[in-house]
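Okay, so here's the structure we're looking at.
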Amino acid sequence: MDRPNTRPQPTDQPRSSLRDREHRSSWASFLPRDPSSHFREQAFNTASPDNTPLSPELIDAAHASEGQRLLNEFSKTTVYLLYSTSTRDSVRSHLYHLAQQSEPLYNVFIAIHLYTSNPESPPPQFEEYYDRSLRMFRDQLARYDGTLDEGLMSAGIFICTLNLFQANPWSVHLKHMLQVYGFDVSGGELSRFADLKLQFPVEVMAIMDLPTFVRGRHTTTLGIWSRFREAQRALLGGKALGVEVVSGIPRSLLDIFATIEDESAEAAFLSWPGEVGEVPHCHLWEAYRLAGVLVGRRLRRKQRGGKLRDPPSPTVDVLLARLIAALDALCDTRLRPEYSHLLALNATLYPCTAARQEIAAMRRRPDWVDQLRRILRLCEPYGKTANAKTVDKMLEDALDSGDDSFDIDDEARRRGVEISLL
């Protein structure tokens with residue numbers, strides 16, 4: 450199979466942050482950069498030892514070889530940051546195969562690899578691969594003719610992923626992609642959600658749209674998960690069971706998160722029977738279940754002007770004690786070789802954040818704060834990304850202020866960021 454042309458397109462323009470570029474209003478504002486006229490002179494040393502200029506074919510081959518090397522590195526390491534089940538799953542091989550067929554996906558994977566190699570100061574090639582993937586994705590999306598392309602859909606998802614690593618507003622791009630493809634709730638045929646060949650990208654888009662998984666978002670939740678599950682029930686003979694690979698969470702528990710703003714959600718979380726899984730994932734699911742109760746209460750308290758109807762049971766302290774115990778046990782599994790292939794630790798940010806939002810309890814129990822900091826320090830693989838740092842800064846500031854009414858959505862919007870807890 451032919452490998453995509455991965456040649457980057459450097460420019461004379463000074464480097465700007467992704468956040469500066471992403472903040473320029475709408476999806477349509479992402480304009481391609483003009484290729485630099487001196488690319489061939491500065492992108493490589495384009496002369497041979499005897500000062501004979503290298504041919505364009507040799508330069509193209511050098512770029513393709515470098516791109517393939519970076520993609521192979523991504524497939525050996527970085528890909529395991531992008532989902533939360535197991536290194537033994539087929540996700541890695543499936544994404545690698547898709548990348549060989551889709552130039553936007555190929556380039557965004559390399560951009561993700563370059564960014565995560567040094568989030569605080571990505572190498573210069575990072576922006577070139579990112580810009581190239583975004584340009585190609587935008588151009589191909591504009592030519593959408595009704596045929597769904599898994600590679601292009603996946604490229605859009607991972608462009609969003611790269612932006613969420615940087616705490617950039619990105620949900621507007623997800624919304625635009627969903628609308629172009631006809632997956633928004635107000636339109637689109639139900640059968641689109643039931644195409645098994647597209648289950649991975651459709652399910653991931655639905656996960657990214659779930660309420661409370663992204664905070665401070667600039668768009669409302671579109672209800673894609675519920676629509677997706679409705680299609681499975683109506684057209685495929687029943688809702689899919691098992692664990693969703695990106696979140697590492699059972700679909701039956703995600704069904705409850707989709708309704709977290711409803712009155713019935715707390716009872717559903719508390720009565721969720723669980724599922725059979727590996728020990729680390731069972732600890733993770735318990736932490737998420739309890740986090741769902743805490744987050745749901747805060748949402749309803751805000752809706753009612755700061756009060757809940759009845760004294761809640763279990764109390765916040767009981768829920769926190771159990772949640773932190775589950776996270777602590779999960780973190781300790783990293784030392785056991787029999788679990789080394791499991792990726793449950795990728796998914797700790799949501800429950801940790803839910804716990805740390807309980808400011809009054811955290812101030813009463815500074816030992817809990819220390820435990821949560823330790824868990825994130827030892828077990829959070831994204832700690833150096835702008836997203837993780839932004840979350841931590843907001844929560845530390847809230848703790849210092851002592852404001853138990855702290856609202857993470859309001860604070861994220863005030864700072865002009867969207868943060869992902871995926």
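This note's numbering puts the first residue of the sequence shown at 450, with every later residue one more than the last. Think of the CB as a built atom: it goes at the ideal place given N, C-alpha and C, for glycine as much as any other residue. Note that the structure is predicted; figures quoted are calculated from it, not measured.
8 Å CB neighbourhood of E522 in its chain, flanking five on each side removed = H562
Taking just the CA atoms, how far does L791 sit from A736?
-> 17 Å
Would you kindly work out how many angstroms separate the C-alpha atoms of I606 and P650, rounded to a whole number?
-> 7 Å
Just the C-alpha distance for A837 and K646, rounded to the nearest angstrom, thanks.
-> 33 Å
What residues in its chain sit with their C-beta under 7 Å from that of Q820, if we drop five residues either side in the sequence?
-> I773 and D777
Quick one: residues in its chain with C-beta nearer than 7 Å to the C-beta of S582, no 5 flanking neighbours on either side, listed in chain order?
-> P553, N556, V557, A560, A604 and I608
Indicate, with yes or no, if the ligand ATP has a heavy atom lying under 7 Å from the CB of R750.
-> Absent from the structure shown: the ligand ATP. Ligands present: none.
Use the C-beta contact count for D816: other C-beta atoms within 10 angstroms, 16 or more gives buried, fewer gives exposed.
-> exposed
Leaving aside the five residues before and after I705 along the sequence, list all residues of the same chain whose C-beta is less than 7 Å from its C-beta, in chain order.
-> A714, A717, F718, W721 and G741
Rounded C-beta distance between C828 and R783? I'm assuming under 8 Å.
-> 6 Å
With a 10 Å radius around its C-beta and 16 neighbouring C-beta atoms as the bar for buried, classify E867 as buried or exposed.
-> buried
Proximity to A655 [Cα-Cα], best of Q517, H543, R682 and L627 | L627
On the DSSP bridge assignment, give the partners of P699 in chain order.
-> V692
Helix, strand or coil for V663, going by three-state DSSP, please let me know.
-> strand
Nearest-angstrom Cβ-Cβ length linking G697 and T536, presumed shorter than 8 Å | So it is not a contact: roughly 13 Å between Cβ atoms.
Looking at C-alpha atoms only, which residue of Y799, L870 and V728 is the closest neighbour of P786?
-> V728
Would you mind giving the Cβ-Cβ distance between H546 and P618, rounded to the nearest angstrom? I have them listed as a contact below 8 Å.
-> H546 to P618, Cβ: 31 Å. No contact.
Counting only the same chain and skipping the five closest in sequence on each side, list residues whose C-beta sits under 6 Å from that of V744.
-> T661 and A803
Cβ-based neighbour list, E652, same chain, cut-off 7 Å, excluding 5 preceding and 5 following | F677 and E693
Cβ-based neighbour list, E490, same chain, cut-off 6 Å, excluding 5 preceding and 5 following = Its pLDDT being 32, under 50, E490 is placed unreliably in this model, and the value from its coordinates should be taken loosely. Counting only Cβ-Cβ distances below 6 Å, and skipping sequence neighbours, we find nothing.
Figure out for me which residue from P571, D594 and L848 has the closest Cα to the Cα of Y630.
-> D594
On the premise that V818 lies in contact with L848, defined as a C-beta separation below 8 Å, what is that separation, rounded to the nearest angstrom?
-> 7 Å
From G832, H625, D856 and T565, pick the residue whose C-alpha is nearest to that of G754; which is it?
-> D856
Alpha-carbon to alpha-carbon, L639 and M585 = 28 Å
Could you tell me the boundaries of the alpha helix (DSSP H) in which A717 lies?
-> A714 to S720
Supposed close pair L414, A643 - CB separation, criterion 8 Å | The displayed coordinates of the chain run from 450 to 871. Any statement about residue 414 would go beyond what the structure contains.
Whose C-alpha, out of P572, L544 and K833, is nearest the C-alpha of G600?
-> L544
Please report how far the alpha carbon of S504 lies from the alpha carbon of E515, in whole angstroms.
-> No answer about S504 holds up, because its pLDDT of 48 lies below 50 and its placement is not dependable.
Candidates R592, D852, E860 and Y564, of which the one nearest L530 by Cα | Y564
If we ignore side chains and look at the alpha-carbon of each, how far apart do S762 and A770 end up?
-> 14 Å
Indicate whether G851 and I808 have their beta-carbon atoms separated by less than 8 Å.
-> yes
Determine the extent of the alpha helix (DSSP H) in which S535 is found, giving its start and end residues.
-> No alpha helix (DSSP H) holds S535; DSSP gives it neither H nor E.
Count the other CB atoms, across all protein chains shown, that sit within 10 Å of the CB of S475; report buried if there are 16 or more and exposed otherwise.
-> Confidence in S475 is poor, its pLDDT being 31 and thus under 50, which makes the residue's placement unreliable; the coordinate value appears in the next sentence. Exposed, since its Cβ has fewer than 16 Cβ neighbours within 10 Å.
S675 (DSSP reduced to helix, strand or coil) | helix
Going by DSSP, which residues form a beta bridge with S789?
-> S789 is not bridged to any residue.
Starting from the C-beta of L739, find all residues in its chain whose C-beta is less than 6 Å away, skip the five residues before and the five after it, and write them out in chain order.
-> L768, R771 and L772
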